[in-house]
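First up is the structure itself, then whatever we jot down about it.
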Amino acid sequence: MNELTGQSLGGFLLEEEIGRGSMGVVYRGRQIALGREVAIKVLPKALARDASYVARFIREAQIIAGLNHPNIIHIYDAGQSHKLLYFAMEYVQGPTLASLLHLDQIIPQHLAAEYAAQIADALYVAYSERNVIHRDIKPENLMLDRWGKIKVTDFGLARAPGHQQITATKTLVGSIYYSSPEQIWGKTLDNRSDIYALGVVLYEMVTGLRPFTGRTMPELTQNIINGSPQPPRLHNPSLSPELEEVILTALALDRDQRFADAGDMASELRMLHLAAPIPPTHTPRLRTPVQLPKRPSAQRLDYTTIDLQQTAPTPTPASMKNSGSDLPSFPQHPVDTQPIQRSIQDLPSQERENDPYRTVPELEASPKEAQQHWWGKFFKAPQRP
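Per our numbering: the sequence shown = residues 41 to 425.
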């Protein structure tokens, strides 16, 4: 569908293909009327001939439209143009979690815990308010925006009330590593399957490994349904024991032993109060202090021997009149006529974080660890108008 680049669908101009999956092609585009940058998902014509794919595509747009949460991608519009179904979403300028893991293998545990808490917040709202189960939580469907906020995307496999279930085969394609045991067995799913998938993602973030692997599909599924992952601290000894407990609770084989809802998991993660690691500091070598010579005491005059009459003769009126230029005065400083420019560094920290026109060095100096670590690799500095 690269031939769509440069064309328009509805009120949107398609500028560049940025993603491709089993349920459609995603373009970076622009809303013509508002000049807003957007992401546009298009259902290929080949899939549009299948009524089940059309129904799933429409359902995805409707599910996203019914969810309103800062950690869930927002949808702006949907429609059909040139016999193509599409919907326009919020454009996230940032990498997927899969890209970050490919880059660094391990994400610092304080960041991993915060990202997982944000994902859990989104899952909790989706299920508690709309009874929506995502069913495809994996690093490829989780994006990090420029401010360090996670966005949950791709609700193509999500289930909402009143919709038929998707077959197990289609659900597991490409997502087997993050599928819960009950999902593999084909049992009825609830929100705890999403919690299990989030546990797999969190395990992978802090260890760089998936909890279950296998050389073949049967071996992998057998390992998952046996439900005995290696403790994360075996792969990352510096990991917090409390964080390990949260991960293993989310990965419990019996879903009744997992967190009851994603909100509980988010609360547990934030109660850990994990801090960024303190970088090692250089210990200066001790030196023998140098003994400085004593300063000789100053010779002072005895004020009683000063003859005031001789040292300060009484001025005459004429001398007083002519000696004005000899009197001491305040130093005259030149007035700075250059316009005073507002400096971002003088702004309050909260205002600096919300300023979209900070330069890259300023953003790298931001307190957000994610910006410090990944800014130069994935983000572009915004252009001033």
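Note that CB positions come from ideal geometry on N, CA and C, so glycine has one too. All values derive from a computational prediction rather than experimental measurement.
Residue 109 versus residue 169: straight-line alpha-carbon distance, rounded = 11 Å
query = By DSSP, does residue 167 sit in helix, in strand, or in coil?
reply = helix
ask   = Assuming residue 134 and residue 126 make a contact with CB atoms under 8 Å, what is their CB distance in whole Å?
value = Residue 134 to residue 126, Cβ: 22 Å. No contact.
7 Å CB neighbourhood of residue 157 in its chain, flanking five on each side removed = 306, 309 and 310
ask   = Would the stretch 95-107 and the stretch 138-146 be scored as touching if the rule is three or more Cβ pairs under 8 Å?
value = no
ask   = Does DSSP classify residue 268 as helix, strand or coil?
value = coil
message = With three or more C-beta pairs closer than 8 Å as the rule, is the stretch 296-304 touching the stretch 243-255?
response = no
Straight-line Cα distance separating residue 51 from residue 73 = In this model, residue 73 and residue 51 are separated by some 7 Å (Cα to Cα).
query = Going by Cα to Cα distance, which pick from 176, 130 and 194 is closest to residue 64?
reply = 194
task = Spatial neighbours of residue 252 within its chain, please: CB distance less than 6 Å, with the 5 preceding and 5 following residues excluded, ordered by chain position.
result = 263 and 264
task = Give me the Cβ distance between residue 176 and residue 215, rounded to the nearest whole Å; I'm assuming they're in contact under 8 Å.
result = With a Cβ gap of about 5 Å, residue 176 and residue 215 count as contacting.
ask   = Distance, Cα to Cα, residue 266 vs residue 180?
value = 25 Å
request  = Report the rounded CA-to-CA distance for residue 113 versus residue 59, giving the unit in angstroms.
outcome  = 15 Å
message = Output needed for residue 250: all residues of its chain with C-beta closer than 6 Å, excluding positions within five of it in sequence on either side, in chain order.
response = Taking C-beta separations shorter than 6 Å and ignoring five residues to either side along the sequence, the partners of residue 250 in its chain run 217 and 244, following chain order.
task = Answer with buried or exposed for residue 343, where buried requires no fewer than 16 other C-beta atoms within 10 angstroms of its C-beta.
result = Residue confidence is low: residue 343 scores 46 on pLDDT, short of 50, so the model does not pin down where it sits. Its coordinate-derived value is still stated next. Exposed is the call here.
Closest residue to residue 186 among 303, 131 and 53 (Cα-Cα distance) = 131
Bridge partner(s) assigned by DSSP for residue 126 = 82 and 119
query = residue 239 by DSSP, collapsed to three states: which one?
reply = The three-state reading of DSSP puts residue 239 in helix, counting H, G and I together.
query = Taking just the CA atoms, how far does residue 178 sit from residue 163?
reply = 13 Å
task = Return yes when the Cβ of residue 182 is within less than 9 Å of the Cβ of residue 190, no when it is not.
result = yes
inquiry  = Less than 9 Å between the C-beta atoms of residue 160 and residue 302, yes or no?
reply    = When the beta-carbon positions are compared, residue 160 and residue 302 come within less than 9 Å of each other.
task = Go ahead and pull the three-state DSSP assignment for residue 61.
result = strand
query = Three-state secondary structure (DSSP) at residue 51?
reply = coil
ask   = What is the C-beta distance between residue 235 and residue 261, in whole angstroms, given that I count them as a contact (C-beta under 8 Å)?
value = Rounded, the Cβ-Cβ distance is 20 Å, inconsistent with contact.
Supposed contact pair residue 56 and residue 70 - C-beta distance, whole angstroms, cut 8 Å = Between residue 56 and residue 70 the Cβ distance is about 10 Å, and since that is not below 8 Å, they are no contact.
ask   = Going by other Cβ atoms of all chains shown within 10 Å of its Cβ, with 16 needed for buried, is residue 199 buried or exposed?
value = buried
request  = Could you spell out the range, first to last residue, of the beta strand (DSSP E) harbouring residue 184?
outcome  = It spans 182-184 - the beta strand (DSSP E) in which residue 184 sits, taken as one unbroken run.
message = Here's the rule I'm using: 16 or more other beta-carbon atoms within 10 Å means buried, otherwise exposed. How should residue 274 be labelled?
response = exposed
key: Spatial neighbours of residue 220 in its chain, beta-carbon cut-off 6 Å, leaving aside the 5 residues before and after   = 233 and 236
inquiry  = Tell me the rounded alpha-carbon separation between residue 286 and residue 166.
reply    = 21 Å
message = As a quick exercise: from 103, 75 and 62, pick the residue whose alpha carbon is nearest that of residue 90.
response = 62
message = Under DSSP, the beta strand (DSSP E) around residue 192 begins and ends at which residues?
response = 190-192
message = If the criterion is Cβ atoms closer than 9 Å, does the pair residue 290 and residue 238 meet it?
response = yes
ask   = How many angstroms separate the CA atom of residue 269 from the CA atom of residue 281?
value = 15 Å
query = Which one or two residues does DSSP pair with residue 66 in a beta bridge?
reply = 59 and 81
message = Distance check for residue 173 and residue 231, CA to CA, integer angstroms please.
response = 6 Å
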